[in-house]
Structures are given as structure tokens and as C-alpha cells.
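Q:
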Amino acid sequence: MQAGIEEQSALYEKRIPIFPRAVKGRFRRFKWGVLILAYSVFFGLVWLPWPRHDGPSQAVMFDLVHRKFYIFGLVAYPQDLIVWLGLLLFIAAALLFFVTALVGRAFCGYFCFQTLWTDFFVWIENLIQGDRPKRVRLYKQPWNREKILKLGTTHFVWLLVSFWTAFTFAAYFTYAPELVRDFFTGQAHPAAYATVLILTLTTYVAAGLGREQICMYVCPYARFQSVMYDPETLVVTYDEKRGDGRMGRAPLRPGAKTREERRAKGYGDCIDCTLCVQVCPVGIDIRNGLQYPCISCGLCIDACDGVMDSIGFPRGLIRYDCEVNIKSPAPGKPHLHWKRLKVIGYGLAVVVMSALLVHSIANRSDLEQAVTQVRQPLYVVLSDGQIRNRYQIRLANRSDHAETYALGVRGIPAQAADFGNFQEVTVKPDQSILVQVSVKLPPEAAMRVESFEFTITPRSRPAEVHVSPARFYGPHS
Amino acid sequence: MSKEKLQSHAVQTTGHAWDGDLQEYNNPLPRWWVWAFYLTIVFALVYWVLYPAWPLGKGYTTGIAKVTYVNSKGETVTTHWNTRADLMAEMNAAAKAQKPYYDKIAALPLEQIAKDPELNSFVISAGKQLFGDNCAACHQAGGQGVVGLFPNLTDDDWLYGGTLEKIQETITYGRRGFMPAFGSVFTPEQIDQLANYVLSLSGEKVDAVKAQAGNALFHSMDAMCFYCHGDDAKGRQDVGAPNLTDKIWLWAKVPAADTPEKKVEAVKTVITQGLGKGVMPAWKDRLKPEQIKLLAVYVHELGGGK
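Residue numbers (full-length UniProt numbering), protein chains in the order written: chain A, 1 to 477; chain B, 1 to 306.
If you want it as C-alpha cells, here you go:
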């Protein structure tokens, strides 16, 4: 018997290598601008000194060990962050939806980390191995000295960049200059080595090896972006009517050189040079229409504009435009369609939430207080029949100086509350203190009083009285 | 249609045939699955080397991972990795972190400890732990005690005194409360009279005539109640005799009784049977002096301290 010969379909698709061609143009310049800005911030910010008398002299540092997050002049604590991060997440999401509704996947093409690092890695590849034709040749040639040397160098430089990316990330979580010393002398915390190792590998794999596959198969955003698209959303579009004409695309050749000649023969403006395909970092042909792997980076626009310029045709065969305009019988100039309920809604949400965030940060109190009732026992009957409840007050000083707090009560007689040794208590900066309070009321009063308030007044700002409500329990409540 | 053509539509087979035409499909596993399987094997190998893994007769392979800790006798022990040693190492680290506070507590007089805000906060949190481990079994988690069994530490009544020093003394050396049984000394009627008198001292509703008689009996040389509880029935802290005039009850389950009769019964039980179970163990052999000191401050702050 003879074995089955049909090749079964594989469970994975083998990657078809992409060798993006370098391109010049306004979107390419914009991308470089974003990349330089982002890299300066990410790689530079961690080294920015910021003198502090009660913390590390680092402008931005997330001190997980001491649960303090230094962001320039702001010192945030986990309990602040839970609110702020929630707001920030909402703002980021709404901003993303807002931008996507307006101009499609602008985030993907220009600002996403995957794009930024892949772009940089491709630039390195280009620098070492040459532009697209040379890279394709190198790929096809058998393994020899040249190929090993060039590919080895590329991967080595990629690994270096990955390492420094990972190291920089780790440096945000500890005092950076100390980390450099400890890391290279083998004294850093195991977590630092683990973080750097994992991030080096993931950066190398994602930006060096994975590239567009991350966008296509891993990133969830690629899959749900389409729900935010409208017919009015600006997306990278090939003007099929103008490019294909009646008879389709045709290369420049005698008799089909000027626009008039091409019009007469029914050809469109597209000369089928395939540059737009060669420069695409995700390896698609935008002329096939909008497709999900497209990250809206605009490099095909740059490539096409360059070609149109060189042959004297008007620009904009590939451009940012919306479906409505492209499909209309008399297309106008593409413009932003912002007068839409959805866009305005997203915009408003961003503005309102940003205002809330700013308000929340600006009005953060220097004191954090919490009153908890001692519940075992809930109340005690004293020898003279009085009822006593006990409370624990936690005072956390968030200011940068030692502060003295005066404690008091409202709603019950002042002498009913016994603060022990701590009617006034001094708390060092960034410290928290527990104070035990017992409140004694005669039986008749205990029957009547259900709740009262604790007041906490910082000595340096007597007008700022913090009030915490408390309940009083007795035998009958 | 030829045989080959037919087969070209089938999936791959293993290439074997049994009984003439019986074939087996070949459905290889996905590559990622196979790699994950290999990784688990590598993980297992690394695990065997590092950690205790294989039983060998009466013993087992111990692995090369080591844990070093200081045991309760103060000896430094290095052993192969196990969860108990791992816990001990963590306990060592916790004790090291608490040491500066305990050093301060050991050095300071009792009153000073409660006045330092930071130290006081430490007392509250560490005291809760120590109290939970050593005292809560009897005095309950919040120190509220059980009427008839264990004193309430959160009220303002103290059998032996509620100053910081007295509390420290009580924890260190323990206490032994005792009251003789009067069941065979008095007639039931006399006991009833005494109970009525005792309840009247706390402002409870009683039979005035019986209480009158009980008063006389209380102060008589027959009963000698006043010898421990005092002429004014306010108790004597030097012998641990409770104050009978306040509203706090330790042995007689008066607060739980809802009728005057039951209250009398509760007091009568105590007078008839006496008490021998008021034993507070000594903690000096189990806790370190600074731990006892911390507990004294903690108990003082439970609310009853004087």
C-alpha cells in the first residue's frame, strides 16, 4: 500500500519575509519626529535628576518597595493611583476612540511601541544590510561569510537595543545610577535581572522577529478597530477611480506617458510601480482596499507621492480620505469630519475626564485619615454604668514636613473622648500613626447618640479641618 | 478513477496497512504543543536537581537548593529546601525587621513607650498579634473575656490592679484567684440573703429585707466576707478580691440573667460553690521580657488601663 500523499493544511502559516523599502516624505518625517521624541522621553527621562530631600533624586521613579511613585513634583501613593490610573485608562481609551473615529488607526502607525521599535529595528537592518534589493538578495543567497557577518551584526545590534530598552524600563523602578552600578557588578536584585532578561527577549522577538505578525495575530486592537470606523473616518485609501481608470493600471510606456494619453486609452494614473507595496511594513497592497493589517502609517502615501512628483502627475493617488468622499461622484478635498455625534461625544468624555483627573491631583490632601471602630467588643459597660466605644484612627502624613495634628470630636461633649497621650500627635513625613481613642457616654446619652464626628486639624493649617464620621453603639442600638 | 487519485483527497496516513486495507491516520501534534511538552520535561529535570523529589527507600533526594535560618535555640541551621525551613527564614527576616522597635521597648520605661507615637503604633499592631497568639484563647480576640470564666480586659475594673506595672507583673508571674465555698457553712436561706445584699450593692432590684439580713451576715465574723472584699465591699486588689459595688461581673453571670430571680441564682451559685479556677498562667518562660512589656502596654490600651 502506498501512503497518503495529500499534504495536510498546516496549523500555522509560515511567515513570508517582508523587506520594507526605505522611503522619504512627509509621513516618514513625521514618524521620525515621533520616534525621536518618544525615544528621548523614554531613554532620557529616567536619567533626569530631580533634587528631593525625602526621596531619590530622580524625576520619575516608581518605588514599588516603598510604595511611592515620584512623578516630578508629585509623589503618588498606591491608593491615589488606583483612582488616577482608572481615570487615566479611561482618558487613554476615549482618546484612542476619538482619534480612531476621526483618522483611523493613527495610533498604530505612528505612536504604538510596536511600530516605534519595529521601525527602529528595520532602520538598523537597512543600515547594516542595505536597502530592500540588497536585503532580498542577501536573504536568497546561501550562507557564507558575508551573510553570517551581516545578519550576525544586525541581530547583535538588535539585542543591544533590546537590552538597553529593558534596562531603561527597569531603571524606572529603582534609583537608576545605583542600578547601573549594581547591575554590572552582579549585586542587583534578582528581580532586576529577571525583568531585564525577559524584556530584552520580548523586545528582540517582538520588534526584530515578530514585527507585523504582532500587529496581525497578537494585537487585539487590530481586530476591533473596525467597529470605530464610519464612512466619514479618514483612512489611508487608494483612489481606485483615478488609479485604475476604465482599463486598469498600466506601466509608463510609449503612448501611455502623459495623463492625456492614458485617459484616451482608458488607463488610470497608477503606473503599477509597486513601490507602495515595497515600502509597506506589514506587507500589504493598499490598492486592494482597506484591510485589517493596515496600520495607517502613511508610508505608501509617501512612496506614491514621490512617484507622482517624478512623473509630473498630481499627488494624492494614495491619500488619507474617507469612504463617503471617495465614493461620491464628485470627490472634494479630504477633510476631517468632526461634526459627528460620536466624535463630539468621545471628545467631551476626554475633556471631562481630564478635568476630573487634574482636579483630583490638584486637590489631593496632605493628610490621609481612616477611623475604624473596635468591634471586639462593640461596646463595654464600665463600673459606673457608662458605655464606652473604642476607635482606631490612622493618620498618614503625605506632606514633605513633619506635621502636628490636633484631634477632637464633634456632636458629643469634648471630655467624652479620651485620646490617651495623643490629643496632639506629630507625624513624620510619609509616616503613618495609629491612635486609639475611647469614647465614654453615660447610659442615657448612649441611648441617644448614634453618630458623631472626629475632627483632625493640622497645626500648620488650622483652617483645614478634616472630618471623619463615626458611629456609637450601646446596649440598645 | 485511479486508487492514487482517490487517496489524494484523504489525509496523511502512517503508511502501515493491516488486514489488507486497514490504515491509520497520521495527525501530528501542532509544533507549539510539542515544544511545550519538551519544556515541561526540561522543567522537571531542573526541579529534580534543585528540590527534594525522589523517594529512596527510607530517604529521598534532597536537591541542591539550600535554606539557612536561625532556629528557636539560636542555632544557625542550613538544610535542603523545604517549606518549613523557608517559613523559618521568613520569620527570621520579620524578627529582624521588628528588632529596632523591640530594642527601643526594652530600653524605655513603660510610660514612655505609650507616649512615642511611632512606638505606640507598633505596640498596637504587634500587640494584636502577640495577644492573638497567647491571650485570645481565654480573653477572646478583643480582650472582652467571658463572664464566669475569663476577665474582661477592656472594662475599667481590675482584680489585681490596672497600672502598667501591675499588668506587666500579672502577665509575667500569673495569678491564682480563690474564693472558699460557703455552701456547707451557711443555710440556703443565708446564702439567699447574702446574694440579695451583693446585688443591692450594684443597684439591682432586690428584696430589701433579705438584703438587710445579708448586710449583717456579710460583715459578721461568721462569714468574714469583708475580710477579702472589704468593709465597703469594694474589694482588695492585693488579694485579687473583686469590687462588688460596681456594675461589672466576672464570675456571676448576672448580665446574662433577664429576671431578678435569675440574677440572685447566679450570685448564689458563686457563694455556694466558691471559686478555684481563676488561674492566669505565668508567661515569663514563654515570652521574652520585651514581649511582655509590649503586651502590658497593649492590654493597658485595650481600654481598661489605669
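Using N, Cα and C, we set each Cβ at its ideal position, and we do this for glycine too.
Buried or exposed, going by whether 16 or more other CB atoms sit within 10 Å of the CB of D86 (chain B)?
A: By the 10 Å Cβ count, D86 (chain B) comes out exposed.
Q: What's the C-alpha gap between T276 (chain A) and D430 (chain A)?
A: In the sequence as presented, Thr is not what sits at residue 276 (chain A); that position holds Cys. Roughly 58 Å separates the two Cα atoms.
Q: Please give the ranges of any beta strand (DSSP E) in the segment 345-428 of chain A, keeping only runs that are unbroken, at least 3 residues long and fully inside the region.
A: Listed in chain order, they are 367-373, 387-397, 403-410 and 424-427.
Q: Would you check if the distance between the CB atom of P260 (chain B) and the CB atom of K205 (chain B) is smaller than 8 Å?
A: Going by C-beta atoms, P260 (chain B) is nearer than 8 Å to K205 (chain B).
Q: Could you tell me if L153 (chain B) is buried or exposed, where buried requires 16 or more neighbouring beta carbons within 10 angstroms of its beta carbon?
A: By the 10 Å Cβ count, L153 (chain B) comes out buried.
Q: What are the boundary residues of the alpha helix (DSSP H) that includes M179 (chain B)?
A: Where M179 (chain B) is concerned, there is no enclosing alpha helix (DSSP H), although the beta strand (DSSP E) it sits in stretches over R175 to M179.
Q: Quick check on E118 (chain B) - is its C-beta less than 8 Å from some C-beta in chain A?
A: It does: the Cβ of E118 (chain B) has a partner Cβ on chain A nearer than 8 Å.
Q: Can you look up P177 (chain A) in the DSSP assignment and give me helix, strand or coil?
A: Three-state DSSP puts P177 (chain A) in a helix.
Q: Report yes if the C-beta distance between A106 (chain A) and A349 (chain A) is below 8 Å; otherwise report no.
A: It is not a contact, given that the beta carbons lie outside the stated cut-off.
Q: So for K68 (chain A), helix, strand or coil by DSSP?
A: It is a strand residue.
Q: Could you give the distance in angstroms between the alpha-carbon of V299 (chain B) and the alpha-carbon of N120 (chain B)?
A: V299 (chain B) and N120 (chain B): Cα-Cα distance of roughly 12 Å.
Q: Spell out the partners DSSP gives M61 (chain A) in its beta bridges.
A: M61 (chain A) is bridged to A:Y70.
Q: Applying the 10 Å Cβ sphere with the 16-neighbour rule, what's the burial state of G255 (chain A)?
A: Exposed: under 16 other Cβ atoms inside 10 Å.
Q: Which chain B residues sit within Cβ distance under 7 Å of G385 (chain A)?
A: K247, listed in chain order.
Q: Quick check: the Cα distance between A107 (chain B) and M353 (chain A), rounded to an integer number of angstroms?
A: Taking the straight line from one Cα to the other gives about 54 Å.
Q: Return the Cβ separation of F452 (chain A) and V409 (chain A) in integer angstroms, given the expectation that the two are a contact with Cβ distance under 8 Å.
A: Between V409 (chain A) and F452 (chain A) the Cβ distance is about 6 Å, and since that is below 8 Å, they are a contact.
Q: Spatial neighbours of A303 (chain A) within its chain, please: C-beta separation below 6 Å, excluding the five flanking residues on both sides.
A: So the qualifying residues of the chain are V23, L275, C276 and V279.
Q: Name, please, each residue of chain B whose Cβ falls closer than 8 Å to the Cβ of N397 (chain A).
A: Per Cβ cutoff of 8 Å: no residues; N397 (chain A) is ~11 Å from chain B at best.
Q: Using beta carbons (cut-off 8 Å, strictly below), is Q436 (chain A) in contact with chain B?
A: Taking Cβ atoms only, chain B reaches closer than 8 Å to Q436 (chain A), which makes this a yes.
Q: Please report how far the alpha carbon of S438 (chain A) lies from the alpha carbon of Y405 (chain A), in whole angstroms.
A: The alpha-carbon atoms of S438 (chain A) and Y405 (chain A) are separated by roughly 18 Å.
Q: Tell me T68 (chain B)'s beta-bridge partners as DSSP assigns them.
A: Note: T68 (chain B) sits in a beta bridge opposite B:T78.
Q: According to DSSP, is T83 (chain B) part of a helix, a strand, or is it coil?
A: Helix at T83 (chain B).
Q: How do the segment 141-154 of chain A and the segment 30-37 of chain A stand: do at least 3 beta-carbon pairs fall below 8 Å, yes or no?
A: No: fewer than three Cβ pairs fall under 8 Å.
Q: Given R176 (chain B), which residues of its chain have a CB within under 6 Å of its CB, disregarding the five upstream and five downstream residues?
A: Only V279 meet the Cβ criterion.
Q: Which residues bound the alpha helix (DSSP H) around G127 (chain B)?
A: Its alpha helix (DSSP H) spans residues P117 to N134.
Q: Between which residues of its own chain and A89 (chain B) is the CB-CB distance below 6 Å, once the five residues before and five after are set aside?
A: The residues are V67 and Y69.
Q: Which residues in the same chain as P255 (chain B) place their Cβ atom closer than 8 Å to its Cβ, once the five residues preceding and following it in sequence are excluded?
A: Closer than 8 Å at Cβ, skipping near neighbours: V147 and W249.
Q: How would you call L102 (chain A), buried or exposed, if buried means at least 16 neighbouring beta carbons within 10 angstroms?
A: Buried is the call here.
Q: Please classify N27 (chain B) as buried or exposed, where buried requires at least 16 other C-beta atoms within 10 Å of its C-beta.
A: Classification for N27 (chain B): exposed.
Q: Count the other CB atoms, across all protein chains shown, that sit within 10 Å of the CB of G127 (chain B); report buried if there are 16 or more and exposed otherwise.
A: Per the 10 Å Cβ criterion, buried.
Q: Among the residues of its own chain, which have a CB less than 7 Å from the CB of L64 (chain A), if the five just before and after it don't count?
A: Contacts found: F173.
Q: So that I know if they touch, is there some Cβ in chain B lying closer than 8 Å to that of P190 (chain A)?
A: Closer than 8 Å: no.
Q: Is there a Cβ from chain A that is less than 8 Å from the Cβ of A257 (chain B)?
A: Chain A, which has no Cβ nearer than 8 Å to the Cβ of A257 (chain B), makes this no.
Q: Determine the DSSP secondary structure at G210 (chain A), reduced to helix, strand or coil.
A: G210 (chain A): helix per DSSP, three-state reduction.
Q: Look up P469 (chain A) in the DSSP assignment and say whether it is helix, strand or coil.
A: Note: P469 (chain A) maps to strand in three-state DSSP.
Q: I'd like to know if K115 (chain B) contacts chain A, where contact means its C-beta is closer than 8 Å to some C-beta of that chain.
A: K115 (chain B) counts as touching chain A.
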